[in-house]
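Going down the list, the sequences are from chains A and B. Under numbering that gives the first Met the number 0, the first residue of the first sequence carries the number 0, and numbering increases by one thereafter. Under numbering that gives the first Met the number 0, the first residue of the second sequence carries the number 0, and numbering increases by one thereafter.
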Amino acid sequence: MNFILHIWRQKNTQSTGNFVTYQIDNIDSDTSFLEMLDQLNEQLIDKGEDCIVFDHDCREGICGTCSLVINGHPHGEKKATTTCQLYMRDYANQLELWIEPWRAKSFPIVKDLAVMRESFDRIIQSGGFISVSVGSAPEANSQLINKDDADCAFDSATCIGCGACVAVCPNASASLFVAAKINHFEQLPHGKIESKKRAERMINQMEEEGFGSCSNHRHCEVVCPKEISVSNIASMNNLL
Amino acid sequence: MYQSITGEDPYEVPMKIYPAPHYTMGGLWVDYNLMTTIDGLFACGEANFSDHGANRLGASALMQGLADGYFIAPQTVSNYLARTKLEEVGDDHPEVIASIESVKARIDKLMNAPKPTHSPDYFHKKIGTILWAACGMSRDEDALKAAIKSIKELKSDFWENIKVTGIESDFNQTLEKAGRVADFIELGHLMCIDALGREESCGAHARLEYLAESGDAMRDDENFSYVAAWEYQDTDPTLHKEHLNFEFIKPTLRDYK
Numbered sequence: 000m001n002f003i004l005h006i007w008r009q010k011n012t013q014s015t016g017n018f019v020t021y022q023i024d025n026i027d028s029d030t031s032f033l034e035m036l037d038q039l040n041e042q043l044i045d046k047g048e049d050c051i052v053f054d055h056d057c058r059e060g061i062c063g064t065c066s067l068v069i070n071g072h073p074h075g076e077k078k079a080t081t082t083c084q085l086y087m088r089d090y091a092n093q094l095e096l097w098i099e100p101w102r103a104k105s106f107p108i109v110k111d112l113a114v115m116r117e118s119f120d121r122i123i124q125s126g127g128f129i130s131v132s133v134g135s136a137p138e139a140n141s142q143l144i145n146k147d148d149a150d151c152a153f154d155s156a157t158c159i160g161c162g163a164c165v166a167v168c169p170n171a172s173a174s175l176f177v178a179a180k181i182n183h184f185e186q187l188p189h190g191k192i193e194s195k196k197r198a199e200r201m202i203n204q205m206e207e208e209g210f211g212s213c214s215n216h217r218h219c220e221v222v223c224p225k226e227i228s229v230s231n232i233a234s235m236n237n238l239l
Numbered sequence: 000m001y002q003s004i005t006g007e008d009p010y011e012v013p014m015k016i017y018p019a020p021h022y023t024m025g026g027l028w029v030d031y032n033l034m035t036t037i038d039g040l041f042a043c044g045e046a047n048f049s050d051h052g053a054n055r056l057g058a059s060a061l062m063q064g065l066a067d068g069y070f071i072a073p074q075t076v077s078n079y080l081a082r083t084k085l086e087e088v089g090d091d092h093p094e095v096i097a098s099i100e101s102v103k104a105r106i107d108k109l110m111n112a113p114k115p116t117h118s119p120d121y122f123h124k125k126i127g128t129i130l131w132a133a134c135g136m137s138r139d140e141d142a143l144k145a146a147i148k149s150i151k152e153l154k155s156d157f158w159e160n161i162k163v164t165g166i167e168s169d170f171n172q173t174l175e176k177a178g179r180v181a182d183f184i185e186l187g188h189l190m191c192i193d194a195l196g197r198e199e200s201c202g203a204h205a206r207l208e209y210l211a212e213s214g215d216a217m218r219d220d221e222n223f224s225y226v227a228a229w230e231y232q233d234t235d236p237t238l239h240k241e242h243l244n245f246e247f248i249k250p251t252l253r254d255y256k
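Here it is in structure tokens:
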């Protein structure tokens, strides 16, 4: 397979970037999207050029490090999939690809396609934890948890904090991320103790970081690689 | 999940299953408080050697991360901080100056190899291929000795021919990878030395010379019931044996038949 790639190149946070066009040929259809970029980087090293910087780590779809907006879609068009789990066979009909970083003021570009997501860390630091000591694991039958609640907490906990929800949102809102993190604790007894305080702190921090507010576009739910539902945002708003 | 990764429908085409190298089955030496040999540096989770033996099944690394993070580190790290007077260290401290110099020298060596020819990925694949063939789940003396020799050659080849593009003062992932591959070469070398010394089959590893007639792993607890803690040296690493004491349940040959 042959592709024409328009890739966003930006030297650092301060500089202005632009698209640079590359041609890459003879890509096996079973090559993953990031492996395709690896191959392009190998060619750049051969030519003595600086490699394209992009975020990646586990490449198993579980760590939340990879990003990329591909032809306008965060994590590509494929549903419930992170960029690292995309394969070039998924792009058989799109021979020209536009590859961009997450674009949001609160996610400054470090270089090329890599963005700084420390704002998410600061939101977690502001309240995304349980500070009360609940001792060791209690006897399993002493505090029964409804299966629906446990499942709901688990669904929220699957958020990997990648930031696709922010990248797609016209307001660059981090509501889906924050709501998932809040609801993950909210459904369980030891998380309920700090419920309101946690929500207030995390939402304040989200606003302080410059993320916008939710105006129910619901694009976040569509692009989320872990299919976090926007109903999390409704539950979060109920806490205030 | 299988279909999304391979593009093949497992109901139609047989599934392709093969072992993948993922764990080093070891990690940094730590004491009971999870502190490394460097005072004040704690290693938690998969990065240390402490909980697992010669085998790590899927997700057991998560267990170690959770156990260390939830039960041990909060007590031991706070205990350390409470008992230690942490004096401010300025940029002019001799240790700081020495560290900066050694890091700069290493970066300089990676950026300016005598004959820059091959990318970090090239060397990564080379070390991977050597280890996959000689230091995988099954290994034997001849292959390990040959691997140690090839890794030594690869190491000098690496420092002679590594090619890193871009500049060192930028965010440079090629440089980052080159540094990691240099470490992998060191670690791969150590793994082969360790595997060569352990003349028994244990945990996930089968030394082909030491298999029971049934093909099961043949342990030798009389001679090898110890943790091999290797101390880094510029030349060959030094072995410190920490003997294991099994009071209640004795390890035995596992027979799957």
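Virtual Cβ for every residue (Gly too), placed ideally from N, Cα, C.
Taking 8 Å as the cut-off, decide whether the C-beta atoms of A:Asn231 and A:Ser155 are in contact.
-> As a first step, residue 231 of chain A must be located in the first sequence, where it is residue number 232. As a first step, residue 155 of chain A must be located in the first sequence, where it is residue number 156. Contact flag set, yes.
Could you tell me whether the Cβ of A:Val19 comes closer than 8 Å to any Cβ of chain B?
-> Walking along the first sequence from the start, residue 19 of chain A turns up at place 20. So no, A:Val19 is outside the interface.
Is B:Tyr69 helix, strand or coil by DSSP?
-> Counted from its first residue, the second sequence places residue 69 of chain B at position 70. Of the three classes helix, strand and coil, the one that applies to B:Tyr69 here is helix, per DSSP.
Check the C-beta distance from B:Phe170 over to B:His123 and give it rounded, since I have them as a contact under 8 Å.
-> As a working mapping, residue 170 of chain B is identified with position 171 in the second sequence. As a working mapping, residue 123 of chain B is identified with position 124 in the second sequence. Actually they do not touch by this definition, with Cβ atoms about 20 Å apart.
Under a Cβ-count criterion, where at least 16 other Cβ atoms within 10 Å of its own Cβ denotes burial, should A:Asn182 be classed as buried or exposed?
-> Within the first sequence, residue 182 of chain A is the residue found at index 183, counting from 1. Buried, since its Cβ has 16 or more Cβ neighbours within 10 Å.
Do the region 66–76 of chain B and the region 42–55 of chain B touch if we need at least three Cβ pairs shorter than 8 Å?
-> yes
Does the beta carbon of A:Gln84 sit closer than 8 Å to a beta carbon anywhere in chain B?
-> Locating residue 84 of chain A in the first sequence gives position 85, counting from the first residue. Closer than 8 Å to some Cβ of chain B, the Cβ of A:Gln84 qualifies, so yes.
Does DSSP classify B:Phe183 as helix, strand or coil?
-> For the purposes of this step, residue 183 of chain B is taken as residue 184 along the second sequence, with counting starting at 1. DSSP places B:Phe183 in helix when its eight states are reduced to three.
Within 10 angstroms of its Cβ, does A:Asp49 collect 16 or more other Cβ (buried), or is it exposed?
-> Residue mapping note: residue 49 of chain A aligns to position 50 of the first sequence, counting from 1. Flag for A:Asp49 reads buried.
Hey, does A:Ala113 have any beta-carbon neighbour from chain B nearer than 8 Å?
-> By 1-based counting over the first sequence, the position of residue 113 of chain A is 114. Yes, A:Ala113 counts as interfacial toward chain B.
Beta-carbon proximity of A:Val114 to A:Ile123, cut-off 8 Å | Here residue 114 of chain A refers to the residue found at position 115 when the first sequence is read from its first residue. Here residue 123 of chain A refers to the residue found at position 124 when the first sequence is read from its first residue. Cβ distance not < 8 Å, so A:Val114 and A:Ile123 don't count as in contact.
Label A:Pro73 either buried or exposed according to how many other C-beta atoms from any shown protein chain fall within 10 Å of its C-beta, with 16 as the threshold for buried.
-> Start at 1 with the first residue of the first sequence, and residue 73 of chain A comes out as number 74. Buried.
Beta-bridge pairing of A:Gln22 - partner residues as DSSP gives them | On the first sequence, residue 22 of chain A is found 23 positions in, with the first residue counted as 1. In the DSSP output, where bridge partners are listed per residue, A:Gln22 has A:Ile3.
Could you give the distance in angstroms between the alpha-carbon of A:Gln249 and the alpha-carbon of A:Ile69?
-> Given that chain A is displayed from residue 0 to residue 239, the structure contains no residue 249 of chain A and the question cannot be resolved.
How should A:Ile227 be labelled, buried or exposed, when 16 other C-beta atoms within 10 angstroms of its C-beta is the threshold for buried?
-> Position 228 of the first sequence, counting from 1, holds the residue named residue 227 of chain A. So A:Ile227 ends up on the buried side.
Do B:Leu243 and B:Met217 come within 8 Å of each other at the CB atom, strictly closer than that value?
-> The sequence position of residue 217 of chain B within the second sequence is 218, counting from 1. The sequence position of residue 243 of chain B within the second sequence is 244, counting from 1. Not in contact: B:Met217 and B:Leu243 (Cβ atoms no closer than 8 Å).
Cross-chain neighbours of B:Gln172 in chain A, by beta carbon under 7 Å = Within the second sequence, numbered from 1, the residue matching residue 172 of chain B stands at position 173. Ordered by position in chain A, the residues that pass the 7 Å Cβ test against B:Gln172 are Cys50 and Val52.
Checking contacts by CB at 8 Å: is A:Asp37 closer than that to chain B?
-> Taking the first sequence and counting its residues from 1, the one referred to as residue 37 of chain A is at position 38. Interface residue, yes.
Which chain B residues are close to A:Asp240, counting only those with a beta carbon under 8 Å from its beta carbon?
-> Only positions 0 to 239 of chain A appear in the structure, and residue 240 of chain A is not among them; the question remains open.
Which stretch, first to last residue, makes up the alpha helix (DSSP H) that contains B:Ala46?
-> Start at 1 with the first residue of the second sequence, and residue 46 of chain B comes out as number 47. Premise fails: B:Ala46 is in no alpha helix (DSSP H) and is neither H nor E.
Less than 8 Å separating the beta-carbons of B:Ala112 and B:Trp158?
-> For this step, residue 112 of chain B is matched to residue 113 along the second sequence. For this step, residue 158 of chain B is matched to residue 159 along the second sequence. Contact flag set, yes.
So does the region 212–221 of chain A actually touch the region 132–151 of chain A, counting three or more Cβ pairs closer than 8 Å?
-> no
Under 9 Å from the C-beta of B:Lys162: neighbouring residues of chain A = As a working note, residue 162 of chain B is residue 163 in the second sequence. In chain order: Ile44, Asp45 and Gly47.
Write down the C-beta distance between B:Asn54 and B:Ala228 rounded to the nearest angstrom, noting that I regard them as a contact closer than 8 Å.
-> Reading the second sequence from its first residue, position 55 is the one you call residue 54 of chain B. Reading the second sequence from its first residue, position 229 is the one you call residue 228 of chain B. 18 Å between Cβ atoms; not a contact.
Beta-carbon proximity of A:Cys65 to A:Leu33, cut-off 8 Å = Taking the first sequence and counting its residues from 1, the one referred to as residue 65 of chain A is at position 66. Taking the first sequence and counting its residues from 1, the one referred to as residue 33 of chain A is at position 34. Closer than 8 Å, so yes.
In whole angstroms, what is the alpha-carbon distance linking B:Ala194 and B:Asp254?
-> On the second sequence, residue 194 of chain B is found 195 positions in, with the first residue counted as 1. On the second sequence, residue 254 of chain B is found 255 positions in, with the first residue counted as 1. Distance between the alpha carbons of B:Ala194 and B:Asp254: 22 Å.
By Cβ distance below 6 Å, which residues in the same chain neighbour A:Lys180 in space, the five residues on each side in sequence not counted?
-> Mapped onto the first sequence, residue 180 of chain A falls at position 181. Within the same chain, A:Lys180 has close Cβ partners Gly127.
Classification of B:Ile166 by the beta-carbon crowding that lies within 10 angstroms, buried from 16 upward = On the second sequence, residue 166 of chain B is found 167 positions in, with the first residue counted as 1. With fewer than 16 other Cβ atoms within 10 Å, it is exposed.
Among the residues of its own chain, which have a CB less than 8 Å from the CB of A:Leu238, if the five just before and after it don't count?
-> In the first sequence, counting from the first residue as 1, residue 238 of chain A sits at position 239. The residues are Ile181, Glu185, Ser194, Lys195 and Ala198.
Which residues in the same chain as A:His218 place their Cβ atom closer than 7 Å to its Cβ, once the five residues preceding and following it in sequence are excluded?
-> As a working note, residue 218 of chain A is residue 219 in the first sequence. Same-chain partners within the cutoff: Val167 and Cys168.
Strand pairing of B:Pro9, partner residues [DSSP] = By 1-based counting over the second sequence, the position of residue 9 of chain B is 10. DSSP output for B:Pro9 lists no bridge partner at all.
Find the nearest neighbour of A:Met201 within the set A:Asn17, A:Lys104 and A:Ile129, judged by alpha-carbon distance.
-> Here residue 201 of chain A refers to the residue found at position 202 of the first sequence. For the residues A:Asn17, A:Lys104 and A:Ile129, the minimum Cα distance to A:Met201 belongs to A:Ile129.
If you draw a straight line from the alpha carbon of B:Tyr17 to that of B:Met136, how long is it in whole angstroms?
-> Working through the second sequence from its first residue, we reach residue 17 of chain B at position 18. Working through the second sequence from its first residue, we reach residue 136 of chain B at position 137. Roughly 12 Å between the two C-alpha positions.
Kindly indicate which residue of B:Arg82, B:Lys154 and B:Ala133 has the alpha-carbon position closest to the one of B:Ala145.
-> The residue labelled residue 145 of chain B in the question sits at position 146 within the second sequence. Of the listed residues, the one whose Cα sits closest to B:Ala145 is B:Ala133.
Write down every uninterrupted run of the alpha helix (DSSP H) in the region 102–177 of chain A whose length is 4 residues or greater and which is fully enclosed by it, in chain order.
-> 117–126, 146–156 and 163–167
Rounded Cβ spacing between B:Tyr79 and B:Met34 (contact assumed at less than 8 Å) | Reading the second sequence from its first residue, position 80 is the one you call residue 79 of chain B. Reading the second sequence from its first residue, position 35 is the one you call residue 34 of chain B. The Cβ separation is near 7 Å, so the contact holds.
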